[in-house]
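Participant:
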Amino acid sequence: MLDSRILLKSLNDLEVRIMLCKSAFEWELLAKKYVDVESNIKNFFKKKKIPENFTTALDSLRASLVQKKGELPPIDLSDFFK
Amino acid sequence: MGLIRGIAEAVMEKAKHEVKDYLIKFMEEEKEKEKEKGTEKKPEEIKKEDVVPVVKKESVKIEEIKEEENDDEDILPLIEPEFIKFTYKVKPKDFTIPGELAETIKMLPVEEFACFVKLMIFVFEQKKNFGYLGNTLRRKIGLESFENEKFDKTVENLEKYGVLKIEQVSDNQKTFILYVPFDEENMAKAEYQKPEKSQQKKPEKKPFRKGDDDEKPAERKEKPVEKQDDQQDEIPGKAVFGMENDDLYKSYRTFVSLEIDKAKMRVGRSNFDKIYMEAVKYIDKKYGFKVLSDSEKFKEYLTNYYISAFDIPTFDSWKKTKV
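Chains as they are written, first to last, in our numbering: chain A, 4 to 85; chain B, 74 to 396.
1) Check the Cβ of B/D357 against every Cβ in chain A and list those closer than 7 Å, keeping chain order.
2) Counting along the chain, where does the alpha helix (DSSP H) carrying B/A263 start and finish?
3) Quick check: what's the CA-CA separation for B/K402 versus B/K106?
4) Since A/A60 meets chain B, which of its residues come closer than 7 Å, beta carbon to beta carbon?
5) Within 10 angstroms of the Cβ of B/L181, are there 16 or more other Cβ atoms? Answer buried if so, exposed if not.
6) What separation, rounded to the nearest whole angstrom, lies between the Cα atoms of A/K35 and B/K262?
7) Going by beta carbon distance, what residues of the same chain come within less than 7 Å of A/K72, once the five residues before and after it are set aside?
8) How many angstroms separate the CA atom of B/M85 from the CA atom of B/I97?
9) I need the boundaries of the alpha helix (DSSP H) containing B/K213, first residue and last residue.
10) Rounded to whole angstroms, what's the CA-CA distance from B/V92 to B/K110? Just pull it up for me.
11) Return the residues of the segment 212 to 239 of chain B that lie within a Cβ-Cβ distance of less than 8 Å from chain A, sorted by chain order.
12) In the structure shown, what three-state DSSP assignment does B/G172 receive?
13) What number of angstroms, rounded off, separates the C-alpha of A/A86 from the C-alpha of B/F371?
14) Which one or two residues does DSSP pair with B/K201 in a beta bridge?
15) Could you work out which residue in A/I78, A/L32, A/D39 is closest to A/L10 when comparing CA atoms only?
16) Give the DSSP bridge partners of B/T248, in chain order.
17) Heavy atom of the ligand SAH less than 6 Å from the Cβ of B/E184, yes or no?
18) Examine the Cβ distances between the segment 195 to 213 of chain B and the segment 153 to 164 of chain B and report whether three or more of them are shorter than 8 Å.
19) Does B/V253 come out as helix, strand or coil in the three-state DSSP assignment?
20) With distances taken from CA atoms, which of B/P254, B/L251, B/F195, B/V242 is nearest B/K323?
21) Could one say the Cβ of A/K72 lies closer than 7 Å to chain B's Cβ atoms, at least one of them?
22) What's the C-alpha gap between B/K179 and A/M22?
23) Mind listing the chain A neighbours of B/L365? Cutoff is C-beta to C-beta under 8 Å, in chain order.
24) At a Cβ threshold of 7 Å, is B/M350 touching chain A?
25) Name the residue from B/Y349, B/T394, B/K247 whose alpha carbon lies nearest to the alpha carbon of B/Y378.
26) In terms of alpha-carbon separation, which member of B/D94, B/K162, B/I380, B/E351 lies closest to B/T327?
27) Quick one, which residues of the segment 248 to 259 of chain B are near chain A if we go by CB-CB under 7 Å, in chain order?
28) Please list, in chain order, the residues of the segment 327 to 349 of chain B that have any C-beta partner in chain A closer than 8 Å.
29) Does DSSP put A/S42 in a helix, a strand or coil?
30) Can a CB atom of chain A be found closer than 7 Å to the CB of B/K300?
31) Run through DSSP, which three-state label would B/E153 get?
32) In the DSSP assignment, find the unbroken alpha helix (DSSP H) run with B/D334 in it and report its ends.
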C-alpha cells in the first residue's frame, strides 16, 4: 500500500538529485522520474483533491527541472540538421 | 685313381666355398635392398600423415566460411508484411508487443531480437513506428556494446527477416520502419506532406532580441497553434516527410544551421546560454514539460525558437531570395 509520505519523500529525493545533476543524460532520467512520480501522485489522490503541499512540491520540482535544463550546456543541434 | 679322386675332391671343395660366398653375397645384397626399401617408405608415410590433416583443416575452414556466407545469404523472411508508417493517436500508457508480432519476433536470433525490441521501444516513446537511421541511433537505443558494423549488419538482417524496412530518403539519410500490426483505432497513418502546406501554417513570430527585457518571448509569441501535435508540422527546423527530397528545403535547413552557428559566435557564449535558458522556459510554458524531456521534439522547438530569436528568415522569405 502506497503511503502519501513515501510519495512526498520521493519528491524530496528528486529535488536533491536535480541539484546534483550535471549532464543532459542525467537530466532526462530525472525528468522521466518526475513524470512517473507526478502520475503516481495523481493516481493516489484519484478521488480526492491533491493536497496543497503536494502541488507546491510538484510545481517547485518542475521549476527546478526547467531551471536545471536551462543551466546545462545548450544541446548540440548539429545532428538534428544532418 | 687316387690322384683323380683327390682332384675331384679339391674341385668339389672349391665349388662349395664359391657357392657359400655367392650365397652370402646374395643374402647381403637382398638385405641391403630391403634396407633401402625401408628407408624410402618411411618419408612417404610421414608425408602422407602431414599433408592429409593440412588439407583437411583447410577444407574445414573453407566449409565454415561457406557456411557463414550461406547463413547470411540464407536468411529468409519470417513474414512479408506491408510496412505502414504510423503515429499513435494517443500514446498508450504502457509499451506492449502485439501477440502476432511477438509470435514472429520470438523466432529472431537473440541480437536481432534485442535490436528490434529496443528500436520498438525507442520509436514508441516518440509515438510512432519509424525513425531516422542515423549515426547516433545505436547509442540512443542503448546498443553501445555493438560495433557500428555489427549494428548495421543486425539492422540489415532484420530487414531480411521482414520485420523492418529501410528507406533511403536522400543521399545521406535513411529511415527505418518497424513492422507493427496496424490498428486503426489507436493509430493514424503518417501522411506525406508538401513543404508549402506546412509553411503556410507557419506562425509569424516576432523575434526575441537582446534588450527587450520588459517583454518575455513567451508573451510575444502567442500565435503558435494551441495543440502540440498540430504544432509539429509547422516547425521550420523539423524534417517533415516528403521534404527530405526537396533540395530547396534541405538547403534551407543547412542555412538555418549555419545561421544559428553564426549567431552563437556573434552573441557570445554567455549570451547564447541565456537565450538557451529563455528558450527552455518558453518551451516548457508553451508546450508542456513533456516536450522538454523528449529530445527530438525539444530540438525541433528549440530550432523554431532560435529562428525567431536570431531573425533567421523563414522558409518562404528565404525561398524568395533564392528564386
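Positions of the beta carbon are idealized from the N, C-alpha and C atoms, including for glycine.
Facilitator: Walking through what the data contain:
1) The residue you call residue 357 of chain B lines up with position 284 of the second sequence. In chain order: V69.
2) Against the second sequence, residue 263 of chain B aligns to sequence position 190. Careful: B/A263 lies outside any alpha helix (DSSP H) and carries neither H nor E.
3) With chain B running from 74 to 396 in the structure shown, residue 402 of chain B is simply not present.
4) Mapped onto the first sequence, residue 60 of chain A falls at position 57. Simply none; closest approach about 15 Å.
5) Stepping through the second sequence from its first residue, residue 181 of chain B is reached at position 108. When all chains shown are included, B/L181 counts as buried.
6) The residue you call residue 35 of chain A lines up with position 32 of the first sequence. The residue you call residue 262 of chain B lines up with position 189 of the second sequence. So the alpha carbons of these two residues sit roughly 28 Å apart.
7) In the first sequence, residue 72 of chain A corresponds to position 69, counting from 1. Cβ neighbours of A/K72 beyond the five flanking positions: W30.
8) Your numbering for residue 85 of chain B matches position 12 in the second sequence. Your numbering for residue 97 of chain B matches position 24 in the second sequence. Answer to the nearest angstrom: the Cα atoms are 18 Å apart.
9) Here residue 213 of chain B refers to the residue found at position 140 when the second sequence is read from its first residue. Counting along the chain, the alpha helix (DSSP H) containing B/K213 begins and ends at 210 to 213.
10) Locating residue 92 of chain B in the second sequence gives position 19, counting from the first residue. Locating residue 110 of chain B in the second sequence gives position 37, counting from the first residue. Their backbone Cα atoms lie some 27 Å apart in a straight line.
11) none
12) Position 99 of the second sequence, counted from the start, is the residue given in the question as residue 172 of chain B. B/G172 falls in the helix class under three-state DSSP.
13) In this structure chain A extends from 4 to 85, so residue 86 of chain A is not present and cannot be described.
14) If you number the second sequence from 1, residue 201 of chain B lands on position 128. DSSP lists B/T160 as partners of B/K201.
15) If you number the first sequence from 1, residue 10 of chain A lands on position 7. Measuring from the Cα of A/L10, the nearest candidate turns out to be A/D39.
16) By 1-based counting over the second sequence, the position of residue 248 of chain B is 175. Its beta-bridge partners are B/Y205, B/E240.
17) The ligand content of the structure shown is nil, which means the ligand SAH is not present either.
18) yes
19) Against the second sequence, residue 253 of chain B aligns to sequence position 180. Looking at B/V253 - three-state DSSP - the assignment turns out to be coil, as it is neither helix nor strand.
20) Taking the first residue of the second sequence as position 1, residue 323 of chain B is located at position 250. Out of B/P254, B/L251, B/F195, B/V242, B/V242 has the C-alpha closest to the C-alpha of B/K323.
21) Residue mapping note: residue 72 of chain A aligns to position 69 of the first sequence, counting from 1. Chain B contact via Cβ: present.
22) Position 106 of the second sequence, counting from 1, holds the residue named residue 179 of chain B. Position 19 of the first sequence, counting from 1, holds the residue named residue 22 of chain A. A direct Cα-Cα distance of roughly 43 Å separates B/K179 from A/M22.
23) In the second sequence, counting from the first residue as 1, residue 365 of chain B sits at position 292. Result: A34, L68, V69, K72.
24) The residue you call residue 350 of chain B lines up with position 277 of the second sequence. Closer than 7 Å: yes.
25) Translated into positions along the second sequence, residue 378 of chain B becomes position 305. It is B/Y349.
26) Taking the first residue of the second sequence as 1, we reach residue 327 of chain B at position 254. Cα-wise, what sits closest to B/T327 is B/I380.
27) none
28) T327, V329, S330, I333, F345, D346, Y349
29) The count along the first sequence starts at 1 and reaches residue 42 of chain A at position 39. DSSP places A/S42 in helix when its eight states are reduced to three.
30) The residue labelled residue 300 of chain B in the question sits at position 227 within the second sequence. Because the pLDDT at B/K300 is just 38, under 50, the model does not fix this residue reliably, and the value given afterwards should be weighed accordingly. Cβ-Cβ to chain A under 7 Å: no for B/K300.
31) Stepping through the second sequence from its first residue, residue 153 of chain B is reached at position 80. Here B/E153 sits in coil by DSSP.
32) Taking the first residue of the second sequence as position 1, residue 334 of chain B is located at position 261. That run of the alpha helix (DSSP H) goes 320 to 340.
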